[in-house]
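Asks: I have a structure I would like to understand better, so I am pasting it below and will then ask my questions one at a time.
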Amino acid sequence: MTDTAHPTTVIARDSPVEAAPPATRVRVGAFELRWGADAPASLVVPTSSHAGRDTVGLVEVFTAAEQRARTSQTYWRSAVGERLRVQGSQRADADGATRVVVVQSDARTGIEVRTTLSAPAGTAAVRIENEVRNAGRDAVVVTAVSSATLGFGRSQVDLDATQWGTAASEWLAEDRWSEVPVRALLPDIDLALHAQDARGHAGLTSHGSWSSGEHVPCGYLRRVDGEALAWQIETSAGWHADLSQARDGGVLSLLGPTDLEHQFARELLPGETFTAVPVAVAASTRSLDGAIAELTRYRRWLRGAAGEQQLPVVYNDFMNTLMGQPTTEKLLPLIRRAADAGAEVFCIDAGWFADPAVGDWWSTVGEWREAPDRFPDGGLRRVIDAIRDSGMVPGLWLEPEVVGIDSPAAATLPDEAFFVRFGHRVQEDRRHHLDFRHPAARAHLDATVDHLVEEYGIGYLKLDYNINPGAGTEHNATTAGDGLLGHTRAFRDWLVTVQLRHPSLRIENCSSGAMRADYALLQVTHLQSTSDQQDFRLYPPIAASAPASILPEQCGNWAYPAADMTDEETAFTLVTGLSGRLYLSGFLDELQPAQRARISEAVALHKDLRDGLRDATPFWPLGLPRWDAPVVCLGLHLPDGDLLFVWDRDAAPAGFTIPEVSGDAEVLFPAGAATWRLDPGAEGLDVTTPAGLGARVLRVTRG
344 MTDTAHPTTV IARDSPVEAA PPATRVRVGA FELRWGADAP ASLVVPTSSH AGRDTVGLVE
404 VFTAAEQRAR TSQTYWRSAV GERLRVQGSQ RADADGATRV VVVQSDARTG IEVRTTLSAP
464 AGTAAVRIEN EVRNAGRDAV VVTAVSSATL GFGRSQVDLD ATQWGTAASE WLAEDRWSEV
524 PVRALLPDID LALHAQDARG HAGLTSHGSW SSGEHVPCGY LRRVDGEALA WQIETSAGWH
584 ADLSQARDGG VLSLLGPTDL EHQFARELLP GETFTAVPVA VAASTRSLDG AIAELTRYRR
644 WLRGAAGEQQ LPVVYNDFMN TLMGQPTTEK LLPLIRRAAD AGAEVFCIDA GWFADPAVGD
704 WWSTVGEWRE APDRFPDGGL RRVIDAIRDS GMVPGLWLEP EVVGIDSPAA ATLPDEAFFV
764 RFGHRVQEDR RHHLDFRHPA ARAHLDATVD HLVEEYGIGY LKLDYNINPG AGTEHNATTA
824 GDGLLGHTRA FRDWLVTVQL RHPSLRIENC SSGAMRADYA LLQVTHLQST SDQQDFRLYP
884 PIAASAPASI LPEQCGNWAY PAADMTDEET AFTLVTGLSG RLYLSGFLDE LQPAQRARIS
944 EAVALHKDLR DGLRDATPFW PLGLPRWDAP VVCLGLHLPD GDLLFVWDRD AAPAGFTIPE
1004 VSGDAEVLFP AGAATWRLDP GAEGLDVTTP AGLGARVLRV TRG
């Protein structure tokens, strides 16, 4: 990989800006930046009567000395933010996007904010990045910066018709989307009568270093008339989304880490800068599906040339298979069967480094050298050679940010290379957390990766992240939250440099499934494991919902056929894999011939479809699924038609309609299975299924 992700800005920081006119409007793609002589810059969608308001400034800055200009619990109307005035701006077109840079300053404190807005061509989305500079004479402690603050609606009445959509997430149950009326969070309290804006808010907050461990860092506002705003926050550290209301409508603030929620603060001495967390916002008149389609196109632009990488079929030995206890004896038959099925990467998951005599080996991780007793008669190299001789790329699992308390690395690395709180190393579940800002931490992992790539020929790394160390580290930081943000940025930069040294290496992002699935990391990694869920019946709502926050071509959906599965159950788990990037596991050597044939059929179909994933945009004709939904459906719009992935989890015969689907429908997978009846109906595609759970991949050719 080359460093092909789009740069922060094509306009140099020290480039002079043109003096700002007293009032102006600057178009940035589908958005417009507005400011006046007596008001800070605001962001609106000029074609919308809902998205953006001139009365809501784009950037809010909170400091230890000055919080809000008017008391409230919201992240709006900060004292510094209200005093910001535009000093100058620039505009440039490069890297397939329009970029506008606007510089604002606060005359009282000397705080200066340089905002870069990037609007990729062909999508109604904008990326917003803020750099805060202390241009004054005294030190300033920043406690929060809104990456973007936007108004929505033009009146209190508009809030009555607006829905707030977010996704709860946890281990084994990621991406559980739901929506509530904004009025359920921000009640109508007759602000006009009180002649004041509200003081309350509704917040959505991450905790610790699992950026998607409780909530996915993505959401939307949707009106009943079809207008929608979707957003994502691009950080692996703390983030917060904040809703509040004013007399003239609602306010949405998107932030990285904050003092109140994440123990964050950053001291800026005169001349020093702080870069806030990037965010993206997309607008559509085609409701939720349209807004997510715009974010999907934006995410592809964000990844740059990395999106042109090949999309191999990966087999991994973990899920419902070896579960962290690989040996030569167990791996060799799996390698043969994975190759027979058509897999192109074989990844040996956790445990290859652990003494098999130590059952629970988590406290020993961190050296990342093979355990000889697991691989007699030729060592790990024999297994790697067998993978390569079978025509597959060898892969290995690592958890690079942790060192077990019983690992030799825990004694050899200095305390400064680890997360530290109150003078002690942070310990979570028998593991310490490395701080990638420290050169010793990076050198340790550089040596590990270089050894694996150069000595073993490893071409694929699954990088896991199974602990949440809390607020962060206080070493070399103003606060613990500041240290966590610094580490996550250093880790991301390390991922880039590793791939620059080893351009053919592909890196999977994993974190106990998808506990840290954000576009700070997904911008620079190849694939995201969407879950650790081992029950194939429970996986469909995760797989179907994942493309709302992850590109379809990056959704690593596990399929793990087992010998005791029926043909319909085997097809069911394979449809889950086919709905994104097919990610195989399971004891393939124990399967019946008919099951192995079904797997080969699925792999062949995936290879036919996978390049189309790069252009696909997701849609949900039945809506984003409830966790317990009996019928789950994900659609992918392709240039030549649509794909539908449909799971029927009801044991009884079922009949249902997939609305607004028109055209000729055919079953692509599984071939020759029990018939699902597909009939064009007045409201869409009518589907009738036999008794028992089942799943199908359908192709719909548009009329």
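Taken in order, the sequence shown gives residues 344 to 1046; the numbers are from the working numbering.
Idealized CB from N, CA, C, for every residue including glycine.
#1: Tell me W378's beta-bridge partners as DSSP assigns them.
#2: Figure out for me which residue from E513, H869, I635, G709 has the closest Cα to the Cα of Y563.
#3: Is the segment 734-745 in contact with the segment 799-808, if contact means three or more CB pairs nearer than 8 Å?
#4: Note the first and the last residue of the continuous beta strand (DSSP E) segment covering F689.
#5: Report the three-state DSSP secondary structure of H393 (helix, strand or coil).
#6: Taking S855 as the reference, which of P973, P1002, V841, D692 has the closest Cα?
#7: Which first and last residues belong to the alpha helix (DSSP H) in which V946 is found?
#8: Distance check for H550 and V404, CA to CA, integer angstroms please.
#9: For the alpha helix (DSSP H) containing W520, name the first residue and the last one.
#10: Using 8 Å as the threshold, is the segment 861-881 in touch with the segment 820-840, meaning 3 or more CB pairs across them?
#11: Am I right that G599 and T578 are in contact with their C-beta atoms under 8 Å? What's the rounded C-beta distance?
#12: Within a Cβ cutoff of 6 Å, which residues of the same chain sit near Y658, ignoring the five residues on either side of it in sequence?
#13: Between T459 and R442, how many whole angstroms is the CB-CB distance? I'm expecting something under 8 Å.
#14: Report the CB separation of R519 from W970 in whole angstroms; it is logged as a contact under 8 Å.
#15: Over the uninterrupted beta strand (DSSP E) stretch that includes I471, give me the two end residues.
#16: What would DSSP say about Q539, mapped onto helix, strand or coil?
#17: What is the DSSP secondary structure of L838, counted as helix, strand or coil?
#18: G395: which of V624, R476, V523 sits nearest, CA to CA?
#19: Determine contact between the segment 764-771 and the segment 789-798, defined as no fewer than three beta-carbon pairs at a distance below 8 Å.
#20: I want to know whether the segment 959-977 touches the segment 1008-1016 - three or more CB-CB distances under 8 Å.
#21: Identify the residues that DSSP records as bridge partners of D1029: which are they?
#22: Are G1063 and Q410 touching if we call contact CB-CB under 7 Å?
#23: Does DSSP put D533 in a helix, a strand or coil?
#24: Where do the N-terminal and C-terminal ends of the beta strand (DSSP E) with V1010 fall, by residue?
#25: Identify whether P350 lies in helix, strand or coil by the three-state DSSP scheme.
#26: Just curious, the beta strand (DSSP E) that F495 is in, first and last residue?
#27: Taking 6 Å as the cut-off, does the CB of L881 come closer than this to any heavy atom belonging to the ligand ADP?
#28: Leaving out the 5 sequence neighbours to the left and right, which residues in its chain are closer than 6 Å to R609 when beta-carbon positions are compared?
#29: Rounding to the nearest angstrom, what Cα-Cα distance links F374 and V483 in this structure?
#30: Note down, one range per segment and in chain order, each alpha helix (DSSP H) of at least 4 residues found wholly within the segment 892-926.
#31: Should T1032 be labelled buried (16 or more other beta-carbon atoms within 10 Å of its own) or exposed?
#32: Could you tell me the alpha carbon to alpha carbon distance between L1021 and L881, rounded to whole angstroms?
#33: Return the chain-ordered list of same chain residues with a C-beta closer than 6 Å to the C-beta of A571, the five sequence neighbours on each side being excluded.
#34: Going by beta carbon distance, what residues of the same chain come within less than 6 Å of D1029, once the five residues before and after it are set aside?
#35: Based on the DSSP output, what are the partners of N659 in its beta bridges?
#36: What residue ranges within the segment 790-868 form continuous alpha helix (DSSP H) runs of no fewer than 4 residues, ordered along the chain?
Replies: Looking at the atomic coordinates:
#1: Its beta-bridge partners are T367.
#2: Comparing Cα positions, the closest option is I635.
#3: Three or more pairs of CB atoms, one per stretch, sit closer than 8 Å, so the segment 734-745 contacts the segment 799-808.
#4: First-last of the beta strand (DSSP E) with F689: 688-691.
#5: H393 falls in the coil class under three-state DSSP.
#6: Among P973, P1002, V841, D692, the Cα nearest to that of S855 belongs to D692.
#7: The continuous alpha helix (DSSP H) containing V946 extends over residues 936-952.
#8: Distance between the alpha carbons of V404 and H550: 21 Å.
#9: Not the alpha helix (DSSP H): W520 falls in the beta strand (DSSP E), residues 519-524.
#10: Output reads yes: the segment 820-840 touches the segment 861-881.
#11: Here G599 really is in contact with T578; their C-beta atoms are around 5 Å apart, less than 8 Å.
#12: The answer, listed in chain order, is A681, A686, F689, L927.
#13: Correct: roughly 6 Å between the Cβ atoms.
#14: With 8 Å as the limit, R519 and W970 qualify as a contact, their Cβ atoms being about 5 Å apart.
#15: Note, I471: beta strand (DSSP E), 468-477.
#16: Q539 sits in coil when the DSSP states are folded into three classes, being neither helix nor strand.
#17: In this structure, L838 counts as helix in the three-state DSSP scheme.
#18: Ranking V624, R476, V523 by CA distance to the CA of G395 puts V624 first.
#19: By the C-beta criterion, the segment 764-771 is judged not to be in contact with the segment 789-798, since fewer than 3 inter-stretch pairs fall below 8 Å.
#20: In this structure the segment 959-977 does not lie against the segment 1008-1016, because fewer than three pairs of beta carbons, one per stretch, are closer than 8 Å.
#21: Note: D1029 sits in a beta bridge opposite T1000, D1022.
#22: A question about residue 1063 goes unanswered here, because the residues of the chain that appear run from 344 up to 1046.
#23: The three-state secondary structure of D533, taken from DSSP, is coil.
#24: For V1010, the enclosing beta strand (DSSP E) stretches over residues 1007-1012.
#25: With a pLDDT of only 48 at P350, under the threshold of 50, the placement of this residue in the model should not be trusted, and no figure is reported.
#26: Looking at the DSSP string, the run of the beta strand (DSSP E) that includes F495 is 483-495.
#27: Among the ligands in the structure shown, none appear at all, so the ligand ADP cannot be discussed.
#28: Once the five neighbours on either side are set aside, the close Cβ partners of R609 are V485, F617, T821, D825.
#29: In a straight line, the C-alpha of F374 is about 32 Å away from that of V483.
#30: Whole alpha helix (DSSP H) segments, 4+ residues: 910-921.
#31: Counting C-beta atoms within 10 angstroms of its own C-beta, T1032 has 16 or more neighbours from the protein chains shown and is therefore classed as buried.
#32: If you take the alpha carbons of L1021 and L881, they lie about 25 Å apart.
#33: Closer than 6 Å at Cβ, skipping near neighbours: Y563, R565, S627, S630, L631, A634.
#34: Contacts found: T1000, D1022.
#35: According to DSSP, which records beta bridges pairwise, N659 is partnered with C690.
#36: Restricted to the segment 790-868, the alpha helix (DSSP H) segments that are unbroken, complete and at least 4 residues in length are 823-844, listed in chain order.
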